[in-house]
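In the working numbering, each residue's number is its place in the sequence shown (first place is 1) plus 4.
Even glycine gets a Cβ: it sits at the ideal position worked out from N, Cα and C.
These figures come from a predicted structure and were not determined experimentally.
To keep things clear, I will list the structure first and then write my remarks on it.
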Amino acid sequence: MQKISQRYIVGATLEQAVQRMRSLNRQGFGVTVDVLGESIANLTQAEAGVGAYLETLDAIGAHGLDATVSVKPSALGLLLDPQYCEQAVGRIVQAAEDCGTAVCIDMEDVSCTDMEISLFNGLHAAGRQVSIALQAYLRRTGVDLERLLAHGSRLRICKGIYLEQPQHLVPGAQSDRAAINPYFLQHVERCFESGTFVSVATHDAALIRQVTALAERRGVARSQFEFQMLLGVCEPLRDRLKEQGYLVRIYLPYGNDWYGYSTRRMKENPAIAAHVVKAMFLRR
Ligand SMILES: Cc1cc2nc3c(=O)[nH]c(=O)nc-3n(C[C@H](O)[C@H](O)[C@H](O)COP(=O)(O)OP(=O)(O)OC[C@H]3O[C@@H](n4cnc5c(N)ncnc54)[C@H](O)[C@@H]3O)c2cc1C
Numbered sequence: 005m006q007k008i009s010q011r012y013i014v015g016a017t018l019e020q021a022v023q024r025m026r027s028l029n030r031q032g033f034g035v036t037v038d039v040l041g042e043s044i045a046n047l048t049q050a051e052a053g054v055g056a057y058l059e060t061l062d063a064i065g066a067h068g069l070d071a072t073v074s075v076k077p078s079a080l081g082l083l084l085d086p087q088y089c090e091q092a093v094g095r096i097v098q099a100a101e102d103c104g105t106a107v108c109i110d111m112e113d114v115s116c117t118d119m120e121i122s123l124f125n126g127l128h129a130a131g132r133q134v135s136i137a138l139q140a141y142l143r144r145t146g147v148d149l150e151r152l153l154a155h156g157s158r159l160r161i162c163k164g165i166y167l168e169q170p171q172h173l174v175p176g177a178q179s180d181r182a183a184i185n186p187y188f189l190q191h192v193e194r195c196f197e198s199g200t201f202v203s204v205a206t207h208d209a210a211l212i213r214q215v216t217a218l219a220e221r222r223g224v225a226r227s228q229f230e231f232q233m234l235l236g237v238c239e240p241l242r243d244r245l246k247e248q249g250y251l252v253r254i255y256l257p258y259g260n261d262w263y264g265y266s267t268r269r270m271k272e273n274p275a276i277a278a279h280v281v282k283a284m285f286l287r288r
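Encoded structure:
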């Protein structure tokens, strides 16, 4: 498992993350860093997570890197003490602003949706440099999106990665990932219409073609949106997009808690894990 996850995770140390950020920046990619640390049992662990983000942001500032950070509020105490979490994320956002960058709040499972939107709204209303991810597989997202756009919020649209009950999902989403695409595209179109910057987080080549065609048709400037992809996934596609002049940002996870991250990736796409495992064995 550790060998497999090396493809998706840059390593355990900040030094490794900085090296990879530099290399990706040199190749023309932006980065968003996720400091891994998912399941926490107490606020001491949450505080350690805050510390890791602050160190990461120090390094981003010191090396002048083109890198934002992405945070999962549950790793920063959301489910243990929402007030603590709010000030923890606030401290990370402050550090990001101090080094001229921003924070994206990842969206987690449906038990967190309302709390994460509310956390975002508080920070955004205070004029902080923050964006939030919305999941196109959720029925509620159209409504959430309109409320957020009304306040000029900066958004990331993704399909969604958690295993949710069918009543939360758009029709067809449970059995067919492509069934999410029309909703995804609609959300991106609403962001284009409202003129807000949007991050389009997907590796789905057909969907990406639809997004670029939509942007062309509507005359949306390439500075108004970016594609985001996970480290180690669909690299030829991301390289092509960059060569075509689109902004591309790589989601770069690092840290010791690689297990939770890798197992989610494997659950999401077991076929890929099988290919990686096969390649690993064939190399020997
Ligand atoms: C930058 C970024 C940020 C994200 N943030 C969030 C978030 O905040 N909340 C959330 O719920 N989800 C998040 N996700 C995950 C996202 O919701 C999807 O689960 C994930 O991106 C796979 O969906 P897809 O859009 O690529 O389309 P899919 O239809 O799932 O996949 C399309 C094709 O992409 C390729 N592919 C997809 N995933 C992989 C993989 N892991 N390995 C290899 N090939 C793959 C395959 O060829 C697949 O056929 C994020 C994804 C990205 C890229």
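Query                                                                                                                                                                      : Result
Tell me whether L211 counts as near ligand 1, meaning its Cβ is closer than 8 angstroms to at least one heavy atom of that ligand.                                         : yes
With a threshold of 7 angstroms on Cβ separation, who are the neighbours of V39 within its own chain once the five nearest residues in sequence on each side are excluded? : G53, A56, Y57, T60, Y258 and G259
Pick out whichever of S135, L234, R213 and L142 has its Cα sitting closest to the Cα of L153.                                                                              : S135
Confirm, please, whether the CB-CB distance from V215 to V192 is below 9 angstroms.                                                                                        : yes
Give a single yes or no on whether L251 has its beta carbon closer than 8 angstroms to a heavy atom of ligand 1.                                                           : no
How is L286 classed by DSSP in three states: helix, strand or coil?                                                                                                        : Because the pLDDT at L286 is just 46, under 50, the model does not fix this residue reliably, and the point stays unresolved.
So does D70 have its beta carbon nearer than 8 angstroms to some heavy atom of ligand 3?                                                                                   : Annotation note on ligand 3: not contained in the displayed structure, which lists ligand 1 as its ligands.
Any idea what DSSP makes of D38, helix, strand or coil?                                                                                                                    : strand
Is there contact between the region 108–115 and the region 156–170, where contact requires at least three CB pairs shorter than 8 angstroms?                               : yes
Cβ of K246 within 8 angstroms of any heavy atom in ligand 1?                                                                                                               : no
Could you have a look at E168 and say whether DSSP puts it in helix, strand or coil?                                                                                       : coil
How far does the beta strand (DSSP E) with P257 in it reach, from first residue to last?                                                                                   : V252 to Y258
Work out the CA separation of E239 and R143 for me, nearest whole Å.                                                                                                       : 30 angstroms
Could you tell me whether the region 197–216 touches the region 165–175, where touching means 3 or more Cβ pairs closer than 8 angstroms?                                  : no
Among the candidates L82, V22 and A63, whose CA atom is the shortest distance from the CA of L47?                                                                          : L82
The alpha helix (DSSP H) with T48 in it runs from where to where?                                                                                                          : L47 to A66
Since T72 contacts A106 with CB under 8 angstroms, what's their CB separation in whole angstroms?                                                                          : 5 angstroms
Compare the Cα-Cα distances from K76 to each of A137, A129 and D62 and report the closest residue.                                                                         : A137
Do I64 and L80 have their C-beta atoms closer together than 9 angstroms?                                                                                                   : no
Do S203 and Q232 have their C-beta atoms within less than 9 angstroms of each other?                                                                                       : yes
Are D148 and A182 close, meaning C-beta to C-beta below 9 angstroms?                                                                                                       : no
Taking 6 angstroms as the limit between beta carbons, can you name the residues of its chain near M25, skipping five residues before and five after?                       : V35, L69 and A71
Using CA atoms only, rank isn't needed, just tell me which of L234, Y141, Y250 and H172 is closest to Q228.                                                                : Y250
Could you pull the start and end residues of the alpha helix (DSSP H) that R181 belongs to?                                                                                : From DSSP, R181 is part of no alpha helix (DSSP H); its letter is neither H nor E.
Have a look at the DSSP bridge pairing and note the partners of L138.                                                                                                      : I161
For ligand 1, any of its heavy atoms closer than 8 angstroms to the Cβ of T36?                                                                                             : yes
On the criterion of 16 or more Cβ atoms from any shown chain inside 10 Å, does E220 qualify as buried, or is it exposed?                                                   : exposed
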